[in-house]
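Enquirer: Protein chains in written order, with our numbering: chain A, 1198 to 1293; chain B, 98 to 384.
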Amino acid sequence: MTQKDGWPLYEVFVRGKRGLNHVHVGSLHAADDDMAVRHARDLYTRRNEGVSIWVVRSAHITASSPDEKDPFFAPSGDKVYRHPTFYDIPDDVPHM
Amino acid sequence: MFDNAYEALNAEGDTRWAFGTGFADPLSGMDTAVPAGVDAADLAAYCLMLGDDALIMSHRLQQWCTCAPELEDEVALANIGLDLLGQARLLLARAGKADGSGRGEDELAFFRSDREFRNVRLAEVTNGDFAFCVARLLVFATWRLALMQRLVDSDDPVLAAIAAKAVKELAYHRDYAARWVVRLGDGTELSHARMRNGLDAVWSYVEELFAAHPVERRVGVDPSTVRAEFDGVLTEVLAAATLSRPEVDGLAGVSGHSGRDGVHTEAMGYLLAELQSVARAHQDATW
């Protein structure tokens, strides 16, 4: 870290009280991992949102490229048979 | 809006943005009768002391808004200031009920002169640099946490409930401050020197924290009994921060009187002018 670059960027994931998954809520700057968790607590759980926090250096995330959007995602657009919608669900099966 | 602060604390899925907002009367719905065996005047005076500590320290932390070295720390300091403001609201409201004067939290916060404030002088000193800020916060939170941990068993159930809430908040404040003291003390040559200066500047206000006022002895926690715990925590943090314990004499009082007696430093008048000017200029305003 140099003065010019400042602190590295982190991405923050918070799991809410009733949530099952950690959800991306935003990003922040911190000098190290430990400080990032505390900053996340101060910035993203002020309104009683969370029970668990993950942070990861933004540089450590590998993302798909917008250039690859078509080969990546377009082919799945017309495969309706991949959706489980061709079953008749009996009336007495709840929660479906 | 909640009817009282305790409902607000326990609300599930509420959207209030910070503790200290979302309720009009901090103690509404509470049984505020002073229990038998507790002197009401002493209890009120004691709650005023603890409430003023929180109110004045909160104000100093609020002054960091737009001035903190990083945006993330600015929010952190504001959060801590808001926690303390919430404690101040409850304690001042308790004081106004217990002394029978019927004065509300706003009346106590905005319409007393400096001689009527009972906070320790540590809280009122003008903000220095960030190192001074975290050094003061470490000292303040460590001392106050030790007091509140004991006040959980107070004979007054209202004060005990306020203390139980404060303990969780202060544990975080202490942790935040300690991490920064270690980071700066055990950092670069420059950050070490700045931390050294900040700690030395704070240290002259430490003795006063442990000098018991008669009211504290009678109805609260005698602060001299938490000195060992305070020293233990500070020794551990300072060792990790590669800082030696300051060799600074305590700031003398005036004829033996200090913050708990309403005798303050010059900074207090300027602080109150800023804190109180809006409420005094617009006495019928609501917010």
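Every residue gets a Cβ at the ideal spot worked out from N, C-alpha and C, and that includes glycine.
Keep in mind that this is a model prediction, so the values were computed, not measured.
Please name the residue, chosen from B:358, B:189, B:333, B:346, that lies closest to residue 300 of chain B on a Cα-to-Cα basis.
Expert: Nearest of B:358, B:189, B:333, B:346 to residue 300 of chain B, Cα basis: B:346.
Enquirer: Based on the DSSP output, what are the partners of residue 1225 of chain A in its beta bridges?
Expert: Its beta-bridge partners are A:1207.
Enquirer: In terms of DSSP beta bridges, what is residue 197 of chain B paired with?
Expert: Answer by DSSP bridge pairing: none, since residue 197 of chain B is not bridged.
Enquirer: Measure the CB-CB distance between residue 220 of chain B and residue 150 of chain B and report whether it falls below 7 Å.
Expert: For residue 220 of chain B and residue 150 of chain B, yes; Cβs fall inside 7 Å.
Enquirer: Less than 7 Å between the C-beta atoms of residue 152 of chain B and residue 206 of chain B, yes or no?
Expert: Against a cut-off of 7 Å, the Cβ pair of residue 206 of chain B and residue 152 of chain B comes out as a contact.
Enquirer: I think residue 1257 of chain A touches residue 169 of chain B, with their Cβ atoms under 8 Å apart; what is that distance to the nearest whole Å?
Expert: Contact flag wrong, Cβ pair sits at about 19 Å.
Enquirer: Pull up the distance between the alpha-carbon of residue 110 of chain B and that of residue 130 of chain B, whole angstroms please.
Expert: Any answer about residue 110 of chain B is weak, because its pLDDT of 46 lies below 50 and its placement is not dependable; what the coordinates show is given next. C-alpha separation (whole angstroms): 32 Å.
Enquirer: Return yes when the Cβ of residue 252 of chain B is within less than 7 Å of the Cβ of residue 135 of chain B, no when it is not.
Expert: Going by C-beta atoms, residue 135 of chain B is nearer than 7 Å to residue 252 of chain B.
Enquirer: Apply the 10 Å Cβ neighbour rule to residue 208 of chain B and answer buried if 16 or more other Cβ atoms are within range, or exposed otherwise.
Expert: When all chains shown are included, residue 208 of chain B counts as exposed.
Enquirer: Can you tell me whether residue 178 of chain B is buried or exposed? The criterion is at least 16 other CB atoms within 10 Å of its CB, across all chains shown.
Expert: Per the 10 Å Cβ criterion, buried.
Enquirer: How far does the alpha helix (DSSP H) with residue 153 of chain B in it extend, from its first residue to its last?
Expert: Here the alpha helix (DSSP H) through residue 153 of chain B covers 137-159.
Enquirer: Could you spell out the range, first to last residue, of the alpha helix (DSSP H) harbouring residue 282 of chain B?
Expert: Here the alpha helix (DSSP H) through residue 282 of chain B covers 254-282.
Enquirer: CB-CB under 7 Å to residue 278 of chain B, same chain, minus the five flanking residues each way: which ones, in chain order?
Expert: The answer, listed in chain order, is 231, 232, 235, 292, 334, 338.
Enquirer: If the cut is a Cβ gap below 7 Å, which residues of chain A does residue 176 of chain B touch?
Expert: Result: 1239, 1243.
Enquirer: So what does residue 1212 of chain A bridge to, in DSSP terms?
Expert: Its beta-bridge partners are A:1249.
Enquirer: Helix or strand or just coil, what does DSSP make of residue 354 of chain B?
Expert: Residue 354 of chain B: strand per DSSP, three-state reduction.
Enquirer: What does residue 1227 of chain A reach in chain B if we use C-beta pairs closer than 8 Å?
Expert: Per Cβ cutoff of 8 Å: 169.
Enquirer: Any beta-carbon of chain B closer than 7 Å to the one on residue 1221 of chain A?
Expert: Output row for residue 1221 of chain A: interface = no.
Enquirer: What are the residues in the stretch 345-357 of chain B lying within 7 Å of chain A by C-beta distance?
Expert: Listed in sequence order: no entries.
Enquirer: State yes or no: is the beta carbon of residue 1236 of chain A nearer than 7 Å to at least one beta carbon in chain B?
Expert: So, interface residue.
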